[in-house]
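Residue numbers 1 to 331, in the numbering used here, belong to the letters of the sequence shown in order. Cβ coordinates follow ideal geometry from the N, Cα and C atoms, glycine included.
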Amino acid sequence: MPLDPQVVAYRAARAAAGTPPLYTRTLAEARAADLAAIRAGGGDVEPVHEVRDTHVPGPAGDIPVRVHRPTGGGPMPTLLYFFGGGWTLGSVDTADGICRRLANATPCQVVTVGYRLAPEHPFPAAVHDCHAATAWIAAHPAEFGADPRRLVVGGDSAGGNLAAAVTLLARADGPRLAGQLLVYPNTDQRAERTPAADEDPMLFNRHSVAWYRGHYLPDPADETHPLASPLLADDLSGLPPALVVTAEYDPLREEGERYAQRLREAGVPTRTSRYDGMIHGFFAMPGVFDAGRRAQDEAAAFLRERFALPDPADTDAGRPGVTVAGGPADG
């Protein structure tokens with residue numbers, strides 16, 4: 001399909017404004033611009049019953065976390081959400097809009113993990129922070145009002161990569177996870193796998209991928225490590241059921257869909273939803289792209305399935321409306 005008309009308009013606006021690619025800016029400029037762009041594209045900020053910032057112990061000190069809790073008492077099913085930004089940009093602030101909406105739409109508690117960023121803290125710092133936060137909350141559920149039997153990990157882009165990596169660590173060392181939500185995840189860090197023709201400077205492209213990878217993986221030998229490239233793990237069996245969301249015009253689409261196929265081949269119930277005409281980043285921008293809102297609704301429906309929550313009567317979340325590749329999830 002051609003680019004969605006909303007993507008065409010978005011690209012034209014960026015070109016008219018002379019917006020430089022993030023990979024041409026200093027690190028400080030890129031971090032500030034990334035947050036500003038997400039806030040501008042996120043739409044209205046949804047109120048949530050409770051939002052609080054706290055921390056959990058990590059391998060190199062305290063890890064900041066932000067807790068989004070909808071109305072309701074007692075232990076809640078909980079999504080551990082890892083923000084995107086190429087392991088280099090991002091914070092609990094950049095994921096705030098996504099987490100508010102998922103908390104309300106599911107409903108469930110959403111905890112965003114403020115893992116350490118590259119290049120100050122290269123691979124595998126972020127992976128171990130995310131796993132440590134997940135394990136801590138599972139082991140201390142009363143501190144967060146969490147139901148330790150209903151924990152899901154998820155994230156977008158680099159956050160999806162981290163969520164996939166955490167499932168590999170959790171399979172070996174715990175905790176037990178009920179699902180994984182992977183939104184256009186990086187799954188194969190080998191440089192030669194990046195599409196060579198993806199050059200559009202107004203959109204996320206192969207240069208973006210290389211810039212982030214260079215910060216996160218300064219040692220090229222780490223590109224094939226399973227915690228950096230989950231697609232290259234020898235064995236994916238026994239991992240939690242997955243929803244993998246991809247965008248048609250995204251240099252990460254193929255590797256995300258190949259990872260979903262490998263999960264299915266390993267016996268993991270997995271659904272892949274490709275959003276035609278869309279680009280990398282659309283999930284975080286429901287104020288610009290209608291497909292971003294639909295994808296967030298689909299994510300909430302997946303979470304309800306994994307948490308065994310009733311489907312609200314007034315929503316069509318999870319109904320057909322996107323291209324589904326590879327068949328439905330069956331668990």
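Inset, instruction - Compare the Cα-Cα distances from ARG69 to each of THR112, ARG190, ASP129 and report the closest residue. - result: Looking up residue 69 in the sequence shown gives position 69. Nearest C-alpha to ARG69: THR112.
Legend entry - Nearest-angstrom beta carbon gap, ALA138 and PRO148 [assumed within contact, 8 angstroms]: On the sequence shown, residue 148 is found 148 positions in, with the first residue counted as 1. On the sequence shown, residue 138 is found 138 positions in, with the first residue counted as 1. Contact holds; Cβ gap of about 5 angstroms.
Inset, instruction - Assuming VAL245 contacts VAL183 (C-beta within less than 8 angstroms), just tell me the rounded distance between them. - result: On the sequence shown, position 245 is the one that residue 245 refers to. On the sequence shown, position 183 is the one that residue 183 refers to. About 5 angstroms separates the two Cβ atoms, so the contact holds.
Inset, instruction - For PRO59, name the three-state secondary structure that DSSP assigns. - result: Numbered from its first residue, the sequence shown carries residue 59 at position 59. It is a strand residue.
Legend entry - Cutoff 7 angstroms; reference GLY281; Cβ partners in own chain excluding five residues on either side: For the purposes of this step, residue 281 is taken as the residue at position 281 of the sequence shown. Once the five neighbours on either side are set aside, the close Cβ partners of GLY281 are PHE204.
Legend entry - Classification of MET1 by the beta-carbon crowding that lies within 10 angstroms, buried from 16 upward: Here residue 1 refers to the residue found at position 1 when the sequence shown is read from its first residue. By the 10 Å Cβ count, MET1 comes out exposed.
Inset, instruction - Whole angstroms is fine: what's the gap from PRO241's alpha carbon to ALA146's? - result: For the purposes of this step, residue 241 is identified with residue 241 of the sequence shown, where counting begins at 1. For the purposes of this step, residue 146 is identified with residue 146 of the sequence shown, where counting begins at 1. Straight-line Cα distance between these residues: approximately 20 angstroms.
Inset, instruction - Look at GLY42 and GLY97 and say whether their C-beta atoms are less than 9 angstroms apart. - result: In the sequence shown, the residue the question calls residue 42 occupies position 42. In the sequence shown, the residue the question calls residue 97 occupies position 97. Contact flag set, yes.
Legend entry - Neighbourhood of ALA16 by C-beta, 7 angstroms cutoff - its chain only, sequence neighbours within 5 removed: In the sequence shown, counting from the first residue as 1, residue 16 sits at position 16. So the list is empty, once near-sequence residues are dropped.
Legend entry - Residue environment, GLU50, which counts as buried when at least 16 other CB atoms sit within 10 Å: In the sequence shown, counting from the first residue as 1, residue 50 sits at position 50. Its Cβ having fewer than 16 others within 10 Å, GLU50 is exposed.
Legend entry - Among VAL67, ASP276, SER229, nearest to ARG258 - alpha-carbon criterion: For the purposes of this step, residue 258 is taken as the residue at position 258 of the sequence shown. Among VAL67, ASP276, SER229, the Cα nearest to that of ARG258 belongs to SER229.
Legend entry - Neighbour-count burial assignment, VAL110, 16 or more Cβ in a 10 Å radius: Within the sequence shown, residue 110 is the residue found at index 110, counting from 1. Under this definition VAL110 is a buried residue.
Inset, instruction - To the nearest angstrom, report how far apart ARG25 and VAL209 are at their CA atoms. - result: Here the question's residue 25 lines up with position 25 in the sequence shown. Here the question's residue 209 lines up with position 209 in the sequence shown. Spanning the two alpha carbons is a distance of roughly 15 angstroms.
Inset, instruction - Determine the contact status of VAL45 and PRO64, defining contact as a CB-CB distance below 9 angstroms. - result: The sequence position of residue 45 within the sequence shown is 45, counting from 1. The sequence position of residue 64 within the sequence shown is 64, counting from 1. Against a cut-off of 9 angstroms, the Cβ pair of PRO64 and VAL45 comes out as no contact.
Legend entry - Straight-line gap, THR187 to ILE38 (C-alpha atoms, nearest Å): Indexing the sequence shown from 1 puts residue 187 at position 187. Indexing the sequence shown from 1 puts residue 38 at position 38. Computed Cα separation, rounded: 23 angstroms.
Legend entry - Alpha carbon of ASP4 to alpha carbon of HIS128, nearest angstrom: As a position in the sequence shown, residue 4 is number 4, starting the count at 1. As a position in the sequence shown, residue 128 is number 128, starting the count at 1. Taking the straight line joining both Cα atoms gives about 37 angstroms.
Legend entry - Of the listed residues ALA142, GLY277, GLY287, ARG271, nearest to ALA301 (C-alpha basis): In the sequence shown, residue 301 corresponds to position 301, counting from 1. It is ARG271.
Inset, instruction - Keeping to the same chain, check which residues put their C-beta closer than 7 angstroms to that of LEU232; ignore five residues upstream and five downstream. - result: For this step, residue 232 is matched to residue 232 along the sequence shown. Closer than 7 angstroms at Cβ, skipping near neighbours: ASP188, THR224, PRO226.
Legend entry - Rounded Cβ spacing between LEU303 and LEU102 (contact assumed at less than 8 angstroms): Position 303 of the sequence shown holds residue 303. Position 102 of the sequence shown holds residue 102. At roughly 7 angstroms, the Cβ-Cβ gap stays under 8 angstroms, so LEU303 and LEU102 are in contact.
Inset, instruction - Might you give, ordered along the chain, the residues of its own chain that have their beta carbon closer than 8 angstroms to the beta carbon of TYR275, omitting 5 neighbours on each side? - result: Here the question's residue 275 lines up with position 275 in the sequence shown. Within the same chain, TYR275 has close Cβ partners VAL245, THR246, ALA247, GLU248, PHE282, ALA291, ARG294, ALA295, VAL322, THR323.
Legend entry - CA-to-CA distance, LEU89 to PRO47, given in whole angstroms: Here the question's residue 47 lines up with position 47 in the sequence shown. Here the question's residue 89 lines up with position 89 in the sequence shown. Rounded to whole angstroms, PRO47 to LEU89 spans 25 angstroms at the Cα level.
Legend entry - Contact set for GLY18: own chain, Cβ-Cβ below 7 angstroms, skip 5 residues either direction: In the sequence shown, residue 18 corresponds to position 18, counting from 1. Hits under 7 angstroms: none found.
Inset, instruction - Verify the CB distance criterion: does ASP93 have a CB-CB separation below 9 angstroms to chain D? - result: No chain D is part of this structure, which consists of one protein chain only.
Legend entry - Close Cβ partners of GLY238 (< 6 angstroms) along its chain, the five nearest in sequence each way excluded: On the sequence shown, residue 238 is found 238 positions in, with the first residue counted as 1. Here the set comprises ARG171.
Legend entry - Straight-line Cα distance separating ARG206 from ASP156: Counted from its first residue, the sequence shown places residue 156 at position 156. Counted from its first residue, the sequence shown places residue 206 at position 206. Looking at the two C-alpha atoms, the distance is approximately 17 angstroms.
Legend entry - Length of the line joining the Cα atoms of LEU267 and GLN261: Against the sequence shown, residue 267 aligns to sequence position 267. Against the sequence shown, residue 261 aligns to sequence position 261. Note on residue identity: the sequence assigns Gly, not Leu, to residue 267. Whole-angstrom Cα-Cα distance: 10 angstroms.
Legend entry - Buried versus exposed, by CB contacts within 10 Å (16 or more), THR54: Against the sequence shown, residue 54 aligns to sequence position 54. Answer is exposed; the Cβ neighbour count stays below 16.
Legend entry - Nearest-angstrom beta carbon gap, GLY179 and PHE82 [assumed within contact, 8 angstroms]: As a position in the sequence shown, residue 82 is number 82, starting the count at 1. As a position in the sequence shown, residue 179 is number 179, starting the count at 1. Contact flag wrong, Cβ pair sits at about 14 angstroms.
Inset, instruction - May I have the straight-line CA-CA distance separating HIS215 from PRO119, to the nearest angstrom? - result: Here residue 215 corresponds to residue number 215 of the sequence shown, with the count starting at 1. Here residue 119 corresponds to residue number 119 of the sequence shown, with the count starting at 1. Near 5 angstroms, if we compare the C-alpha coordinates of PRO119 and HIS215.
Legend entry - Identity of the residue in ARG213, PRO218, LEU79, ALA221 nearest LEU151 by Cα: Locating residue 151 in the sequence shown gives position 151, where the first residue counts as 1. When only C-alpha atoms are compared, the closest one is LEU79.
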